[in-house]
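Per the working numbering, residue 327 is the first one in the sequence shown, and the count goes up by one each step.
Data block below; observations after.
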Amino acid sequence: MLGLKEGENGAAPIGDGDTTQIRTAYSHPEIKQVVYYDLPGFGTPSFERTDEYLREIEVESYDFSLIFYHGTISEGDIWLINKLLAMRKMFALVRTRADEMTRRQFPLQKCIQDAKDRCERNLQGFGIMAKVSVFVISNIDVNIGEMDGLFRFIRENLPEMKRRAITVHVQAKTKEIIAQKEKQFLEEMWRAAYFMGLSTGIPIPGIEVPINYKILVAKIKSYLLSFGLSAEMFEKLPEDIKKRMKITSDIHKSGLKRYVLSNISLVPVIIQPFLVFQAFSVLLPVAGSIVSGTNAFVSYLNFLKHVITKMAEDARTLQEYHVTSVD
């Protein structure tokens, strides 16, 4: 959930039995406002199935809850599900270790569906007829199971700001996550383009180009990191994969800052408007600014769209390579 491995700084400890003794917060490494809470188990002398337990873990404060299980749902899980349903709190069941299903004789999708059907029968056996979201996932390989569905559930049940933040920073491990990133970046790019167009339309000597250049560098760097296309990762790839990742290859071979400077010709109005403004400032001081600013906005918008779509293509190439490598 946090993009961390066992033993890494910030990762939850792993063990058998009652590993978690207190309500423990785990902030996302890059999004401090997104926090997962690992809660102590219940149904033991330390934590009995009571309303006091729910108050202690502050169940009312969460955007949603995830109940992880393996095999059969326990009576304790049923108790918690009934409580969450009564409180009308959003939650989902997450069946882990989907990778173990690949060792069976039957197709993986059939095994996953069987696990979900078995879960539904268990719930109905305990009198729970409400529709409950169930996802089957693997922590070993996110491409096995329903990590896309779980991510979609998380996104849909977060407030707007948290939803956008987690989409940016969640690892680009599946095609759907990559598509969600691309969609969000395309929706948001107009803000940066508008600001850069505005600075072009109202030029200040010596200011416009450095500001717009820095904005482009910062935006492209954020796209690289979000799509998982860092220089460190890129260097570890086989040459044939590098060649297929055109824009990522161009950026890392030349360096990000040099790439932006060398491609500045794609935004032809980045410098011209100031010269035009100077030439016609006596006759058309306002109209010249409006025209140049509008042209700049469109040019920056097209440039950012080009970068985002091409990086998304590279991210899909990388994701396919990782899936093939695991297989």
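Even glycine gets a Cβ: it sits at the ideal position worked out from N, Cα and C.
Since this is a predicted model, take the numbers as computed values, not measurements.
Next on the checklist: Between A544 and L630, how many whole angstroms is the CB-CB distance? I'm expecting something under 8 Å.
Outcome noted: Between the beta-carbon of A544 and that of L630 there is about 12 Å, and that puts the pair past the 8 Å contact cut.
Item to check | Which residues DSSP lists as bridging Y520, in chain order | outcome: For Y520, which the question treats as bridged, DSSP gives no partner whatsoever.
Checklist entry - Between N465 and K499, is the Cβ-Cβ spacing less than 9 Å? => result No. Outside cutoff.
Item to check | Cβ pair I454, I407 closer than 9 Å | outcome: Yes.
Next on the checklist: Need the endpoints of the beta strand (DSSP E) that D364 sits in, please.
Outcome noted: Counting along the chain, the beta strand (DSSP E) containing D364 begins and ends at V361 to D364.
Next on the checklist: Mapping the DSSP letters down to three states, classify L563 as helix, strand or coil.
Outcome noted: Residue state, collapsed to three classes: coil.
Checklist entry - Given K442, which residues of its chain have a CB within under 8 Å of its CB, disregarding the five upstream and five downstream residues? => result Excluding positions up to five away in sequence, the list reads R421, V460 and V462.
Next on the checklist: On a Cα-Cα basis, can you pick out the residue from K507, L563, L587 and S575 that is closest to Y647?
Outcome noted: Measuring from the Cα of Y647, the nearest candidate turns out to be L563.
Next on the checklist: What would DSSP say about T650, mapped onto helix, strand or coil?
Outcome noted: Helix at T650.
Checklist entry - Is Y388 helix, strand or coil when you go by DSSP? => result In the structure shown, Y388 sits in coil (DSSP, three-state: anything other than H, G, I, E or B).
Checklist entry - Ordered along the chain, which non-local residues of its own chain (more than five positions away) have a Cβ less than 7 Å from that of D425? => result Taken in chain order, the residues that qualify are S464, I466, D467 and I470.
Next on the checklist: Is it buried or exposed, L411, if we count other Cβ atoms within 10 angstroms and call 16 or more buried?
Outcome noted: So L411 ends up on the exposed side.
Checklist entry - So is S618 buried or exposed if we call it buried at 16+ other beta carbons inside 10 Å? => result The predicted position of S618 is uncertain, since its pLDDT is 46 and thus under 50; no value can be drawn from it.
Next on the checklist: Quick check on DSSP: helix, strand or coil for P594?
Outcome noted: Caution applies to P594, whose pLDDT of 49 falls short of 50 and renders its modelled position unreliable; the model cannot decide the point.
Checklist entry - Among Q439, I399 and R381, which has the Cα closest to the Cα of M413? => result Answer by Cα proximity: R381.
Next on the checklist: Looking only at its chain, what residues have a beta carbon closer than 6 Å to the beta carbon of T350, apart from the 5 residues adjacent to it on each side?
Outcome noted: Answer for T350: D364, listed in chain order.
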